[in-house]
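Have a look at the structure below, then the notes.
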Amino acid sequence: MKSTIKAFILALAISTPAIAAITIQSACAPKTITNPETRKVYNTNEVIKRFGEIQKAVIDAANANKIKRADSVKIVTWISGDAKAVPPQVGIIAVIATAPAGWKATVSKGWVAIKPTFESNESISVWTPIIDTIVGGL
Amino acid sequence: MDNTLLGIVIRDIAVPEIFAIIARLRGAGNPEPTLAEVQAELDNMLATITQSGMDYLDKYRT
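Line order of the protein sequences matches chains E and B.
Whatever position you read off the first sequence (first residue = 1), add 28 for the numbering used here.
Whatever position you read off the second sequence (first residue = 1), add 641 for the numbering used here.
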């Protein structure tokens, strides 16, 4: 039984790109949602969910001392924004929600700036191709 | 990839997403939600994530 579980975990570890593909694929509205406006909002919601998952993973990694606190603060600020900063900073999820059709240019610009922070931290670098896909695809 | 990250991937992405896909394939849940329902979920999700981020930033604000 233990070896079956180990084999399953190993298979998942090897298939990280497949997991990413599943994640991205599932960010597209199901075909059962036919209303174009509903599909648009659904897709926006799925993209925001993915960034919520990334933010949670970054916070978890920082709490487990896997990444520097300063790096986690930078990423969380990028994702959620900081209403208490002077001047206040708008997060990418607010940008995505506000402009579902035109967020990619703004988010891409920020992603280029913050990408090295992901790449230089082994415990969160797995998110790099996922964010590349979210920002570049869909 | 370390074990912690693998745990995060399995717990927070893979399993919920796989179940979500299965649920959709089976036609479970709400196959044709209204725009208002989806918009409400989006607003709720946005508020939850933003609040979570703000709570974290407040904790470590210098």
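We put the CB at the ideal spot given by N, CA and C, even for glycine.
Quick check on this structure: which residue in E/A98, E/K94, E/G130, E/W106 has the alpha carbon closest to the alpha carbon of B/G694?
Taking the second sequence and counting its residues from 1, one reaches residue 694 of chain B at position 53. Answer by Cα proximity: E/W106.
Which residues in the same chain as E/D99 place their Cβ atom closer than 7 angstroms to its Cβ, once the five residues preceding and following it in sequence are excluded?
Walking along the first sequence from the start, residue 99 of chain E turns up at place 71. Within the same chain, E/D99 has close Cβ partners T145, N149.
Could you run through the region 59-92 of chain E and flag, in chain order, every residue whose CB is less than 8 angstroms away from some CB of chain B?
From the region 59-92 of chain E, only T60, I61, T62, N63, E65, T66, V69, Y70, T72, N73, I76, K77, F79, G80, E81, Q83, K84, A85, I87, D88, A89, A92 have a Cβ closer than 8 angstroms to chain B.
Between which two residues does the alpha helix (DSSP H) harbouring E/G164 extend?
Counting from one through the first sequence, the residue named residue 164 of chain E turns up at place 136. Residues 155-164.
Between E/W139 and the rest of its own chain, which residues show a CB-CB distance below 7 angstroms, the 5 nearest in sequence each way excluded?
For the purposes of this step, residue 139 of chain E is taken as the residue at position 111 of the first sequence. Excluding sequence neighbours, E/W139 sits near I159, V163.
Got a sec, what are the start and stop residues for the alpha helix (DSSP H) E/W139 sits in?
In the first sequence, counting from the first residue as 1, residue 139 of chain E sits at position 111. Looking at the DSSP string, the run of the alpha helix (DSSP H) that includes E/W139 is 132-147.
Interface flag, E/S148 vs chain B, CB-CB below 7 angstroms:
Translated into the one-based positions of the first sequence, residue 148 of chain E becomes position 120. Judged by the 7 angstroms Cβ criterion, E/S148 is not in contact with chain B.
Enumerate in chain order the residues of its own chain whose CB-to-CB distance from E/F79 is below 6 angstroms, with the five nearest sequence positions on each side excluded.
Stepping through the first sequence from its first residue, residue 79 of chain E is reached at position 51. I107, I121.
Pull out every residue of the region 101-125 of chain E whose Cβ sits closer than 8 angstroms to any Cβ of chain B, in chain order.
Per Cβ criterion, the list reads V101, V104, T105, I107, S108, G109, D110, A111, K112, G119, I121, A122, A125.
Best match in E/V69, E/K59, E/I76, E/I95 for proximity to E/S153 [C-alpha to C-alpha]:
Walking along the first sequence from the start, residue 153 of chain E turns up at place 125. Among E/V69, E/K59, E/I76, E/I95, the Cα nearest to that of E/S153 belongs to E/I95.
First and last residue of the alpha helix (DSSP H) that includes B/R702?
Your numbering for residue 702 of chain B matches position 61 in the second sequence. Careful: B/R702 lies outside any alpha helix (DSSP H) and carries neither H nor E.
Considering only the alpha carbon of each residue, which of E/V135, E/R67, E/A129, E/T72 lies closest to E/I103?
Counting from 1 along the first sequence, the entry for residue 103 of chain E is found at position 75. Looking at the Cα atoms, E/V135 is the closest of the given residues.
Distance between beta carbons of B/P674 and E/T62, contact taken as under 8 angstroms
The sequence position of residue 62 of chain E within the first sequence is 34, counting from 1. The sequence position of residue 674 of chain B within the second sequence is 33, counting from 1. That belief does not hold up - the Cβ atoms of E/T62 and B/P674 are roughly 11 angstroms apart, past 8 angstroms.
Which whole-angstrom value describes the C-beta separation of B/Y701 and E/I87, a residue pair presumed to lie in contact below a C-beta threshold of 8 angstroms?
Position 60 of the second sequence, counting from 1, holds the residue named residue 701 of chain B. Position 59 of the first sequence, counting from 1, holds the residue named residue 87 of chain E. The pair is not a contact, with the Cβ atoms about 10 angstroms apart (cut-off 8 angstroms).
Taking Cβ to Cβ, would you say E/N73 is nearer than 7 angstroms to B/L683?
As a position in the first sequence, residue 73 of chain E is number 45, starting the count at 1. As a position in the second sequence, residue 683 of chain B is number 42, starting the count at 1. Yes, the Cβ-Cβ distance between E/N73 and B/L683 is below 7 angstroms.
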